[in-house]
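Position one of the sequence shown corresponds to residue 1128 (the working numbering), numbered consecutively onward.
In what follows, a structure is listed as structure tokens, so that the remarks can point back to it.
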Amino acid sequence: MWSGVLPAVTSKFKEDGSLDHDEMTRCFGLQMDAGCDGLIVCGSLGEGPMMTLDERIAVMRTAKAVSGGKPVLMTVAAASTRESCEIAQRAATAGADGLMVVPSLVYQTNDAETVATLRAVAEAGDLPIMIYSNKIAYRVDVTPALMEELASDKRFVAIKESSDDIRRTTEIFNRLGDRYAVLTGVDNLAYEALAVGAVGWVAGLVCAFPKETVAIYRLMKEGRNAEALALYRWFRSLLDLDVSTYLVQNIKLAEALAIGSNERVRAPRQPLSGETRKRVESIIRAAMEVRPALPAFG
């Protein structure tokens, strides 16, 4: 459950702004067909904070219907601990297999507050948890020291490592051994993280390029690093689109061009326009023009 390629899927909307479950079913199915190992719903890329709790649960249920028994994780990301606990409770009742938990979405918690919040969510949901450590986006750093403090609670099983510092992955292993499953959460550091021991990839561009993402992961696990690196170098310009304020719009544009989906987003976001759109579209189209054939892998 805590290894492999886990897409942080986008959420799909109709023209009137309501959830498009038919399109999510199609797009989530493409992830499963490509060999992804589960689905993570309603994160930053999935625009979870722009949804009501009922909508988040509905997206999760759609993912569960498509996943074929593979794990579906609900993202817990809210301004208050109270709301985070409510999300965790509702997700557990609705059948989530686990949670990916952002310690604090708005307020920059100190170490004691971070630990207290994570423990409260664990108690509320009573599900396996992947701690989302992303000091860049959320300004809260779940350090190896805090991971060690939480290690006595077996519900904390994995780390989505998104500090943007590749040294952090090795620091986690050196301090905590194999206590946690470490997954990389930064698309354009994925090869590097897998090379130093990460066991999974919480991926973004996988939404538009699932087969290539799975191929890189599987090749790395088979020790075929040179083949994985060649594919990763082709992919790199696309993966950079994940590390952006506009990652949602970037990836939805990639989905529109690569898998025929749409670019609809929840306000205040708007689809890319003007020179920014031209630049991103040119990156995507240029990569697609030289899209490599994929090697066979196990």
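All C-beta atoms, glycine included, are put in the ideal place defined by N, C-alpha and C.
Using a C-beta cut-off of 8 Å, the region 1256-1274 makes contact with the region 1227-1234, since at least three inter-stretch Cβ pairs fall below that distance.
With a 10 Å radius around the Cβ and a threshold of 16 neighbouring Cβ atoms, Lys1191 comes out buried. Counting only runs of at least 3 residues, the region 1138-1213 fully encloses the following beta strand (DSSP E) elements, listed from N- to C-terminal order: 1166-1168, 1199-1203. The alpha-carbon separation between Ile1293 and Asp1314 amounts to approximately 12 Å.
Leaving aside the five residues that flank Thr1340 on each side, the residues in its chain whose CB is nearer than 6 Å to its CB run, in chain order, Val1132, Ala1330, Val1333. The DSSP-derived three-state label of Phe1424 is coil. Exposed is the label assigned to Gln1397, since fewer than 16 other Cβ atoms lie within 10 Å of its Cβ. Distance check between Asp1181 and each of Ile1299, Leu1146, Gly1252 places Leu1146 closest, using alpha-carbon atoms only. Taken through DSSP and simplified to helix, strand or coil, Glu1408 comes out as helix.
In the three-state reduction of the DSSP assignment, Phe1300 falls in the helix class. Straight-line measurement puts the Cα of Gly1425 at about 26 Å from the Cα of Glu1382.
Within the same chain, Cβ atoms closer than 6 Å to the Cβ of Phe1300 are found at Gly1324, the five residues on either side in sequence being excluded. The alpha-carbon separation between Gly1401 and Glu1408 amounts to approximately 11 Å. Excluding sequence positions up to five before and after Val1136, its CB lies within less than 8 Å of the CB of Met1151, Cys1154, Phe1155, Gln1158, Leu1166, Ile1167, Val1168, Leu1172, Gly1173, Ala1190, Cys1334, all in the same chain and listed in chain order. For Thr1179, the number of other beta carbons within 10 angstroms of its own is below 16, and it is reported as exposed.
If you draw a straight line from the Cα of Glu1275 to the Cα of Leu1303, it comes to about 7 Å. Boundaries of the beta strand (DSSP E) harbouring Ser1260: 1256-1260, taken from the DSSP string. Ranked by Cα distance from Arg1351, the options Pro1422, Tyr1265, Glu1390 are led by Pro1422.
In the DSSP assignment, Gly1225 is bridged to Leu1200.
Proximity to Val1284 across Phe1336, Ala1342, Leu1310, Lys1262 peaks at Leu1310, based on C-alpha coordinates. Within 10 angstroms of the beta-carbon of Arg1406 lie fewer than 16 other beta-carbons, which makes it exposed.
Comparing alpha-carbon positions, the option among Pro1337, Cys1212, Leu1273 lying closest to Asp1160 turns out to be Pro1337. Per the C-alpha coordinates, the member of Leu1358, Ala1342, Ala1413 positioned closest to Ala1385 is Ala1413. Between Glu1416 and Asp1164, the alpha-carbon positions lie close to 28 Å from each other. Where Ala1330 is concerned, the enclosing beta strand (DSSP E) starts and stops at 1327-1330.
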